[in-house]
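Enquirer: Quick note on numbering: numbering that gives the first Met the number 0 labels position 127 of the sequence shown as 126, and the sequence is numbered without any gaps. Below are the structure tokens for one structure; questions will follow.
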Amino acid sequence: MQQSRRKKRRPMAEINVVPYIDVMLVLLVIFMITTPMLNLGVEVDLPKADAEPLDSQQNDEPMVITVLRNGDLYLNAGGEADGVSSGLIDPETLVATVAAIVRRNPKIQVLVGGDQAVGYGHIYNAMVILQKAGVAKVGLMSDPLDSIEGGG
């Protein structure tokens, strides 16, 4: 009789998925509620503090692109200026000139500076031009805080 009882009982081979579906739906609702909150912008007041100067990776002067209020670009190639005219330059010539300098010296520091009244779009365009020329890292120039406040 004991053998017949064992044969009647079969091990349960099914997994009850209802609790897993419940957990999945709860997680789905949580993500649906929190995702729109992640896309909202946050108003930020940028800090006004001394920025640490960049350590020069080499003894050469950095290449500086200056952007004026009207969007005119000026190139100062620093120590790489052999055969390169510094001064007012159009965007196409700037791409070609910077690309040639970067090919010759890939580790040259490249800085973008501009008048504080220059629109963000002009600075952004200068950085896009540098990217097209193959510059990997660009620094932004500023005055030290104490010279702005008149304390130094």
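Each residue gets a CB set at the ideal place from its N, CA and C atoms; glycine is no exception.
Within 10 angstroms of the Cβ of Ala76, are there 16 or more other Cβ atoms? Answer buried if so, exposed if not.
Expert: Translated into the one-based positions of the sequence shown, residue 76 becomes position 77. Ala76 comes out buried.
Enquirer: Count Cβ pairs between the stretch 130–139 and the stretch 91–103 that sit closer than 8 Å; are there 3 or more?
Expert: Verdict: yes, contact present.
Enquirer: Name the DSSP bridge partner or partners of Val66?
Expert: By 1-based counting over the sequence shown, the position of residue 66 is 67. According to DSSP, which records beta bridges pairwise, Val66 is partnered with Leu72, Gly113.
Enquirer: Could you please give me the residues that DSSP links to Ile88 through a beta bridge?
Expert: Reading the sequence shown from its first residue, position 89 is the one you call residue 88. For Ile88, which the question treats as bridged, DSSP gives the partners Leu72.
Enquirer: Can the beta-carbon of Gly112 be found less than 7 Å from the beta-carbon of Met140?
Expert: Stepping through the sequence shown from its first residue, residue 112 is reached at position 113. Stepping through the sequence shown from its first residue, residue 140 is reached at position 141. Taking 7 Å as the Cβ cut-off, Gly112 and Met140 qualify as a contacting pair.
Enquirer: I think Met62 touches Ile100, with their Cβ atoms under 8 Å apart; what is that distance to the nearest whole Å?
Expert: In the sequence shown, counting from the first residue as 1, residue 62 sits at position 63. In the sequence shown, counting from the first residue as 1, residue 100 sits at position 101. Right, the Cβ-Cβ distance comes to about 6 Å (below 8 Å), so this counts as a contact.
Enquirer: Are there 16 or more other CB atoms within 10 angstroms of the CB of Gln108, so buried, or fewer, so exposed?
Expert: Position 109 of the sequence shown, counted from the start, is the residue given in the question as residue 108. Buried: at least 16 other Cβ atoms inside 10 Å.
Enquirer: Specify, as a first and last residue, the run of the alpha helix (DSSP H) that Ala125 falls within.
Expert: For the purposes of this step, residue 125 is identified with residue 126 of the sequence shown, where counting begins at 1. That run of the alpha helix (DSSP H) goes 119–131.
Enquirer: Buried or exposed, going by whether 16 or more other CB atoms sit within 10 Å of the CB of Val22?
Expert: Taking the sequence shown and counting its residues from 1, the one referred to as residue 22 is at position 23. Burial call: exposed.
Enquirer: Taking its Cβ as the centre, do 16 or more other Cβ atoms sit within 10 Å of Ile29, making it buried, or is it exposed?
Expert: Along the sequence shown, read from residue 1 onward, the residue named residue 29 stands at position 30. Answer is exposed; the Cβ neighbour count stays below 16.
Enquirer: Given this structure, state the Cα-to-Cα distance separating Ala116 from Gly86, to the nearest angstrom.
Expert: On the sequence shown, residue 116 is found 117 positions in, with the first residue counted as 1. On the sequence shown, residue 86 is found 87 positions in, with the first residue counted as 1. So the alpha carbons of these two residues sit roughly 20 Å apart.
Enquirer: What separation, rounded to the nearest whole angstrom, lies between the Cα atoms of Pro90 and Asp142?
Expert: Locating residue 90 in the sequence shown gives position 91, counting from the first residue. Locating residue 142 in the sequence shown gives position 143, counting from the first residue. Each residue's alpha carbon lies about 26 Å from the other.
Enquirer: Closest to Asn124 by C-alpha separation, out of Leu67, Ile14, Asn104, Ala12, would be which residue?
Expert: The residue labelled residue 124 in the question sits at position 125 within the sequence shown. Nearest of Leu67, Ile14, Asn104, Ala12 to Asn124, Cα basis: Leu67.
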